[in-house]
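Shown next, in structure tokens, is the structure this report addresses.
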Amino acid sequence: VDAAVLNEMKEIDAKRRNILVKVETLKAERNTVSAEIAQAKRNKENTDDKIAAMQNLSAEVKALDAELAEIDAKLTEFTTTLPNIPADSVPVGADEDDNVEVRRWG
Numbered sequence: 097v098d099a100a101v102l103n104e105m106k107e108i109d110a111k112r113r114n115i116l117v118k119v120e121t122l123k124a125e126r127n128t129v130s131a132e133i134a135q136a137k138r139n140k141e142n143t144d145d146k147i148a149a150m151q152n153l154s155a156e157v158k159a160l161d162a163e164l165a166e167i168d169a170k171l172t173e174f175t176t177t178l179p180n181i182p183a184d185s186v187p188v189g190a191d192e193d194d195n196v197e198v199r200r201w202g
């Protein structure tokens, strides 16, 4: 496996993790604003600015979720094309003729 492919996969994974942190932070903030809106409505206060803030947060979350979906698709593509790493006990051979049959089942 090419080291450049692994490095790119590592960078994409780091980007995914950063976006996940941002999304979760924004969702927590959105929940807080939602609770503030509910409290303000109970107190019959003006909630226009908080509703606008909530809409901005929701738009940001939606954009980051779309970016996250793209990154997840790239990671899935990488992981489906990478081979499994064999165990250390697997004998090394040039082709299937060099393989040693350890046991047979079935």
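Sequence positions in the sequence shown follow this note's numbering and run 97 to 202.
A virtual CB, placed ideally from N, CA and C, is assigned to each residue, including glycine.
- [ ] For V117, count neighbouring C-beta atoms within 10 Å of its own C-beta (all shown protein chains included) and say buried if the count is 16 or more, exposed if not.
- [x] Around the beta carbon of V117, a 10 Å sphere encloses fewer than 16 other beta carbons of the protein chains shown; the residue is thus reported as exposed.
TODO: Ignore the nearest five residues each way along the sequence and tell me which others in V198's own chain have a CB closer than 6 Å to its CB.
DONE: Shown here for V198: not one same chain residue has a beta carbon closer than 6 Å to its own, the five before and five after excluded.
- [ ] Determine contact between the stretch 125-144 and the stretch 184-197, defined as no fewer than three beta-carbon pairs at a distance below 8 Å.
- [x] no
Task: Spatially closest choice to T143 from S130, S154, A155 and L153, by CA coordinates - done: S130
Open item on the list: Is the beta carbon of R113 closer than 8 Å to that of L171?
Closed with: no
TODO: Return yes when the Cβ of I115 is within less than 8 Å of the Cβ of E163, no when it is not.
DONE: yes
- [ ] Please classify V157: does DSSP put it in a helix, a strand, or coil?
- [x] helix
Open item on the list: So, with DSSP's three-state summary, where would you put N180?
Closed with: coil
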